[in-house]
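Peer 1:
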Amino acid sequence: MKVFETVIETQNYTKSHSVGFVPTMGALHEGHISLIRRAKEENEISMASIFVNPTQFNNPEDLARYPRTLEADLERLEKAGCDAVFVPSVREMYPAPAVLKMDFGRLEQILEGAFRPGHFNGVGLVVSKLFHMVRPQRAYFGQKDIQQCAVINRLVNDLSFGIELVFCETVREADGLAMSSRNVRLSPEKRRVAPFIYQSLLKGKALLQSGVSPAEVESTLAAAYAEHPDFRLEYYEVVAFSDLERIPAYDPAVKTVLVVAAHLDGVRLIDNLIL
Ligand code: PAF
43 MKVFETVIET QNYTKSHSVG FVPTMGALHE GHISLIRRAK EENEISMASI FVNPTQFNNP
103 EDLARYPRTL EADLERLEKA GCDAVFVPSV REMYPAPAVL KMDFGRLEQI LEGAFRPGHF
163 NGVGLVVSKL FHMVRPQRAY FGQKDIQQCA VINRLVNDLS FGIELVFCET VREADGLAMS
223 SRNVRLSPEK RRVAPFIYQS LLKGKALLQS GVSPAEVEST LAAAYAEHPD FRLEYYEVVA
283 FSDLERIPAY DPAVKTVLVV AAHLDGVRLI DNLIL
């Protein structure tokens, strides 16, 4: 596997290949590896990037605590048969601080955007830069970050990147917990209660499908989180897949998503279930 630290080396390599690209912030898990496998299947060359992007962290402590496991990540990628990886420094990515601000309108005011001001500006910036640097034909993202998928879709359409986006299903642990780089920060004791998040989504789905209104589902599940001694809920909402806005009524014929964000053991976890 080729490892590049500079844009020049990366472009020298990618210019003569059709590339399937998996951007990551490292601390790789099976979810990332499944994206690499898909990129390998569908493209001449599979390429990952590992870059913990400072501009998308609104909380400096979260940035400092973000797991960094470069050696293990490179081993995992190599084992998965990834062809190349771009591992830029902060200086390579941001030779000067970016002043451009991206505004995704409503999409960045709701859900994650409401709790993480500036987050999607940072994601939009870094993903645009990575797309220009790597010049892939296709790019692969996990649907666990469903709002990020919507933001990147907007970005690629509004700025005519000409890159095909592939959004892939969330990969879960055997007990249902969505795979996330942040899971390694949970103590063994709190890791055991973490599947409560997925269970809360399944419960919401069952209630919706039995005719309970979205508002009632939201308040029932918010109450369940309030009663749980380990979680601090940020949001639990029933939203339309099309724009991630809350819906007044559930229609099984319309794609709907249950979305949740909660703190456990000082770790912020998100998950969703698409119906
Ligand atoms: O999902 C992530 O890991 C990051 O937000 C991304 C897309 C790599 C941008 O830094």
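Counting from 43, one number per residue, gives the positions in the sequence shown under the working numbering.
Every residue, glycine too, gets a C-beta built ideally from N, C-alpha and C.
#1: Considering only the beta carbon of each residue, do LYS247 and LEU300 sit closer than 8 angstroms?
#2: If you run the structure through DSSP and keep just helix, strand and coil, what is CYS210?
#3: Is GLN190 near ligand 1, judged by its Cβ being under 7 angstroms from some heavy atom?
#4: Taking its Cβ as the centre, do 16 or more other Cβ atoms sit within 10 Å of SER91, making it buried, or is it exposed?
#5: On the three-state DSSP scale, how would you describe GLY164?
#6: Using a 10 Å radius around the Cβ and a threshold of 16 neighbouring Cβ atoms, would you call ALA304 buried or exposed?
#7: Please report how far the alpha carbon of ARG107 lies from the alpha carbon of CYS124, in whole angstroms.
#8: Does DSSP put VAL132 in a helix, in a strand, or in coil?
#9: What residues match up with HIS305 in a beta bridge as DSSP calls it?
#10: According to DSSP, which residues form a beta bridge with GLY62?
#11: Report yes or no: do the segment 77 to 84 and the segment 94 to 102 share at least 3 C-beta pairs separated by less than 8 angstroms?
#12: When the Cβ atoms of the segment 143 to 159 are set against those of the segment 187 to 205, are three or more pairs found closer than 8 angstroms?
#13: Grab the span of the alpha helix (DSSP H) containing PHE157 for me, first residue to last.
#14: Would you identify the three-state DSSP class for LEU317, choosing helix, strand or coil?
#15: Grab me the residues of PRO65's own chain with a C-beta within less than 6 angstroms of its C-beta, minus the 5 sequence neighbours each way, in chain order.
#16: Can you tell me whether ASP104 sits near ligand 1, meaning its C-beta is under 7 angstroms from at least one heavy atom of the ligand?
#17: For ILE205 and ALA181, what's the separation of their Cα atoms in angstroms?
#18: Select from LEU119, LEU317, LEU311, LEU315 the residue whose C-alpha is nearest the C-alpha of ASP104.
Peer 2: Based on what the coordinates show:
#1: Taking the sequence shown and counting its residues from 1, one reaches residue 247 at position 205. Taking the sequence shown and counting its residues from 1, one reaches residue 300 at position 258. Their beta carbons are under 8 angstroms apart, which means LYS247 touches LEU300 by this criterion.
#2: Taking the first residue of the sequence shown as position 1, residue 210 is located at position 168. Strand.
#3: Within the sequence shown, the letter at position 148 stands for residue 190. At least one heavy atom of ligand 1 is nearer than 7 angstroms to the Cβ of GLN190, so yes.
#4: Indexing the sequence shown from 1 puts residue 91 at position 49. Classification of SER91: buried, given that the 10 Å Cβ count is 16 or more.
#5: The residue labelled residue 164 in the question sits at position 122 within the sequence shown. Of the three classes helix, strand and coil, the one that applies to GLY164 here is helix, per DSSP.
#6: For the purposes of this step, residue 304 is identified with residue 262 of the sequence shown, where counting begins at 1. By the 10 Å Cβ count, ALA304 comes out buried.
#7: Locating residue 107 in the sequence shown gives position 65, counting from the first residue. Locating residue 124 in the sequence shown gives position 82, counting from the first residue. Straight-line Cα distance between these residues: approximately 27 angstroms.
#8: Along the sequence shown, one-based indexing puts residue 132 at 90. In the structure shown, VAL132 sits in a helix (DSSP, three-state: H, G or I).
#9: As a first step, residue 305 is located in the sequence shown; it is residue number 263 there, counting from the start. In the DSSP output, where bridge partners are listed per residue, HIS305 has ARG274, ARG310.
#10: For the purposes of this step, residue 62 is taken as residue 20 along the sequence shown, with counting starting at 1. Answer is SER88, ARG180, bridged to GLY62.
#11: no
#12: yes
#13: Within the sequence shown, residue 157 is the residue found at index 115, counting from 1. Unbroken alpha helix (DSSP H) run through PHE157: 154 to 157.
#14: Translated into positions along the sequence shown, residue 317 becomes position 275. In the structure shown, LEU317 sits in coil (DSSP, three-state: anything other than H, G, I, E or B).
#15: Numbered from its first residue, the sequence shown carries residue 65 at position 23. These residues qualify, in order along the chain: SER91, LEU172.
#16: Locating residue 104 in the sequence shown gives position 62, counting from the first residue. No, since every heavy atom of ligand 1 falls outside the 7 angstroms radius drawn around the Cβ of ASP104.
#17: Sequence index remark: in the sequence shown, residue 205 carries index 163 (1-based). Sequence index remark: in the sequence shown, residue 181 carries index 139 (1-based). One C-alpha to the other measures close to 7 angstroms.
#18: Mapped onto the sequence shown, residue 104 falls at position 62. The candidate whose alpha carbon is nearest that of ASP104 is LEU311.
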